[in-house]
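Asker: Residue numbers (my numbering): 1 to 115.
Positions of the beta carbon are idealized from the N, C-alpha and C atoms, including for glycine.
Below: one structure in C-alpha coordinates.
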(Lines of atoms letter the chains of each structure in order from A; the text may use other names.)
(Lines give C-alpha, C1' and ligand atoms only; values in the text may rest on other atoms or scores of the structure.)
Protein backbone atom coordinates (compact mmCIF):
# COMPACT_ATOMS: atom_id res chain seq x y z
CA UNK A 1 0.00 0.00 0.00
CA UNK A 2 1.56 3.28 -1.10
CA UNK A 3 -0.14 6.38 0.21
CA UNK A 4 2.35 9.12 -0.61
CA UNK A 5 0.49 12.35 -1.24
CA UNK A 6 -2.77 11.15 0.32
CA UNK A 7 -4.32 12.99 3.25
CA UNK A 8 -6.05 10.64 5.70
CA UNK A 9 -8.08 11.49 8.79
CA UNK A 10 -8.47 8.85 11.50
CA UNK A 11 -11.00 9.41 14.27
CA UNK A 12 -10.20 7.64 17.51
CA UNK A 13 -6.55 7.91 16.49
CA UNK A 14 -4.94 8.10 19.91
CA UNK A 15 -5.33 4.48 21.00
CA UNK A 16 -6.11 0.95 19.89
CA UNK A 17 -6.94 0.29 16.25
CA UNK A 18 -7.06 4.02 15.46
CA UNK A 19 -3.53 4.60 16.72
CA UNK A 20 -2.24 1.56 14.83
CA UNK A 21 -3.86 2.88 11.63
CA UNK A 22 -2.27 6.32 12.08
CA UNK A 23 1.15 4.68 12.40
CA UNK A 24 0.60 2.31 9.47
CA UNK A 25 -0.65 5.02 7.11
CA UNK A 26 2.25 7.30 8.02
CA UNK A 27 4.66 4.42 7.42
CA UNK A 28 3.22 4.21 3.90
CA UNK A 29 3.83 7.93 3.32
CA UNK A 30 0.39 9.42 3.94
CA UNK A 31 -0.23 12.82 5.49
CA UNK A 32 -2.24 11.58 8.47
CA UNK A 33 -4.33 13.63 10.87
CA UNK A 34 -6.01 12.16 13.91
CA UNK A 35 -8.84 13.23 16.13
CA UNK A 36 -9.60 11.68 19.51
CA UNK A 37 -10.67 12.53 23.03
CA UNK A 38 -7.04 12.20 24.11
CA UNK A 39 -4.18 13.75 22.16
CA UNK A 40 -1.39 11.69 20.61
CA UNK A 41 1.47 13.17 22.62
CA UNK A 42 3.96 15.13 20.56
CA UNK A 43 1.87 14.83 17.40
CA UNK A 44 1.12 18.23 15.82
CA UNK A 45 -1.49 16.62 13.57
CA UNK A 46 -3.52 15.31 16.48
CA UNK A 47 -6.68 17.25 17.29
CA UNK A 48 -7.90 16.50 20.83
CA UNK A 49 -11.61 16.54 21.46
CA UNK A 50 -14.88 14.69 21.27
CA UNK A 51 -16.12 13.99 17.73
CA UNK A 52 -19.68 14.67 18.89
CA UNK A 53 -18.85 18.29 19.78
CA UNK A 54 -19.27 20.86 16.98
CA UNK A 55 -16.37 22.98 18.27
CA UNK A 56 -13.99 20.01 17.97
CA UNK A 57 -15.06 19.37 14.38
CA UNK A 58 -14.62 23.09 13.60
CA UNK A 59 -11.08 23.07 15.06
CA UNK A 60 -10.23 20.09 12.86
CA UNK A 61 -11.52 21.79 9.71
CA UNK A 62 -9.57 24.93 10.63
CA UNK A 63 -6.39 22.93 11.23
CA UNK A 64 -6.71 21.31 7.80
CA UNK A 65 -6.58 24.83 6.31
CA UNK A 66 -9.06 24.08 3.54
CA UNK A 67 -7.09 21.14 2.20
CA UNK A 68 -9.08 18.14 0.98
CA UNK A 69 -9.09 14.87 2.88
CA UNK A 70 -8.80 11.80 0.63
CA UNK A 71 -9.82 9.18 3.18
CA UNK A 72 -11.68 9.30 6.49
CA UNK A 73 -11.43 6.27 8.77
CA UNK A 74 -13.84 6.21 11.69
CA UNK A 75 -12.14 4.23 14.45
CA UNK A 76 -13.84 6.28 17.19
CA UNK A 77 -16.74 4.32 18.60
CA UNK A 78 -18.58 3.37 21.73
CA UNK A 79 -20.26 0.08 22.49
CA UNK A 80 -22.28 0.76 25.61
CA UNK A 81 -22.87 -1.65 28.48
CA UNK A 82 -21.44 -5.12 27.76
CA UNK A 83 -23.74 -8.13 27.64
CA UNK A 84 -26.91 -6.08 27.99
CA UNK A 85 -30.04 -7.42 26.38
CA UNK A 86 -31.88 -4.91 24.21
CA UNK A 87 -34.89 -4.64 26.51
CA UNK A 88 -32.56 -3.74 29.41
CA UNK A 89 -30.30 -1.38 27.48
CA UNK A 90 -30.30 2.05 29.17
CA UNK A 91 -31.76 4.75 26.95
CA UNK A 92 -28.93 7.23 27.62
CA UNK A 93 -26.32 4.61 26.73
CA UNK A 94 -28.15 3.86 23.48
CA UNK A 95 -28.33 7.58 22.63
CA UNK A 96 -24.55 7.87 23.18
CA UNK A 97 -23.91 4.89 20.87
CA UNK A 98 -25.97 6.54 18.13
CA UNK A 99 -24.42 9.96 18.74
CA UNK A 100 -20.81 8.73 18.43
CA UNK A 101 -21.17 5.90 15.93
CA UNK A 102 -23.67 7.42 13.50
CA UNK A 103 -24.58 11.08 14.04
CA UNK A 104 -21.04 12.37 14.58
CA UNK A 105 -19.82 10.52 11.48
CA UNK A 106 -22.39 12.32 9.32
CA UNK A 107 -21.72 15.69 10.95
CA UNK A 108 -17.96 15.31 10.48
CA UNK A 109 -18.41 14.53 6.79
CA UNK A 110 -20.70 17.54 6.45
CA UNK A 111 -18.08 19.79 8.08
CA UNK A 112 -15.30 18.43 5.86
CA UNK A 113 -17.24 18.81 2.61
CA UNK A 114 -18.52 22.30 3.42
CA UNK A 115 -15.03 23.77 2.99
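Which runs of the alpha helix (DSSP H) spanning at least 4 residues fall entirely within the region 16 to 70, listed in chain order?
Answerer: Here the runs fully enclosed are 16 to 27, 54 to 63.
Asker: Just to confirm, are residue 34 and residue 66 a CB contact at a threshold of 9 Å?
Answerer: If you number the chain shown from 1, residue 34 lands on position 34. If you number the chain shown from 1, residue 66 lands on position 66. No, they are not a contact pair.
Asker: Might you give, ordered along the chain, the residues of its own chain that have their beta carbon closer than 7 Å to the beta carbon of residue 26, omitting 5 neighbours on each side?
Answerer: If you number the chain shown from 1, residue 26 lands on position 26. If we look at residue 26 and ignore the five residues flanking it on each side, its Cβ neighbours are 32.
Asker: Classify residue 74 as buried or exposed, calling it buried when 16 or more other Cβ atoms lie within 10 Å of its own Cβ.
Answerer: Taking the chain shown and counting its residues from 1, one reaches residue 74 at position 74. Flag for residue 74 reads buried.
Asker: How is residue 9 classed by DSSP in three states: helix, strand or coil?
Answerer: Start at 1 with the first residue of the chain shown, and residue 9 comes out as number 9. DSSP places residue 9 in strand when its eight states are reduced to three.
Asker: Would you tell me roughly how many angstroms separate the C-alpha atoms of residue 17 and residue 87, rounded to the nearest one?
Answerer: Locating residue 17 in the chain shown gives position 17, counting from the first residue. Locating residue 87 in the chain shown gives position 87, counting from the first residue. Between residue 17 and residue 87, the C-alpha separation is close to 30 Å.
Asker: Report yes if the C-beta distance between residue 10 and residue 21 is below 9 Å; otherwise report no.
Answerer: One-based indexing of the chain shown puts residue 10 at position 10. One-based indexing of the chain shown puts residue 21 at position 21. Yes, the Cβ-Cβ distance between residue 10 and residue 21 is below 9 Å.
Asker: Please confirm whether residue 71 and residue 100 have their CB atoms less than 9 Å apart.
Answerer: Here residue 71 is taken as the residue at index 71 of the chain shown, counted from 1. Here residue 100 is taken as the residue at index 100 of the chain shown, counted from 1. Not in contact: residue 71 and residue 100 (Cβ atoms no closer than 9 Å).
Asker: Select from 1, 91, 39, 104 the residue whose C-alpha is nearest the C-alpha of residue 29.
Answerer: Mapped onto the chain shown, residue 29 falls at position 29. Checked all of 1, 91, 39, 104; the closest Cα to residue 29 is 1.
Asker: With DSSP as the reference, label residue 105 as helix, strand or coil.
Answerer: Counting from 1 along the chain shown, the entry for residue 105 is found at position 105. Three-state DSSP puts residue 105 in a helix.
Asker: Tell me where the alpha helix (DSSP H) around residue 97 begins and ends.
Answerer: For the purposes of this step, residue 97 is taken as residue 97 along the chain shown, with counting starting at 1. Element bounds for residue 97: 91 to 98.
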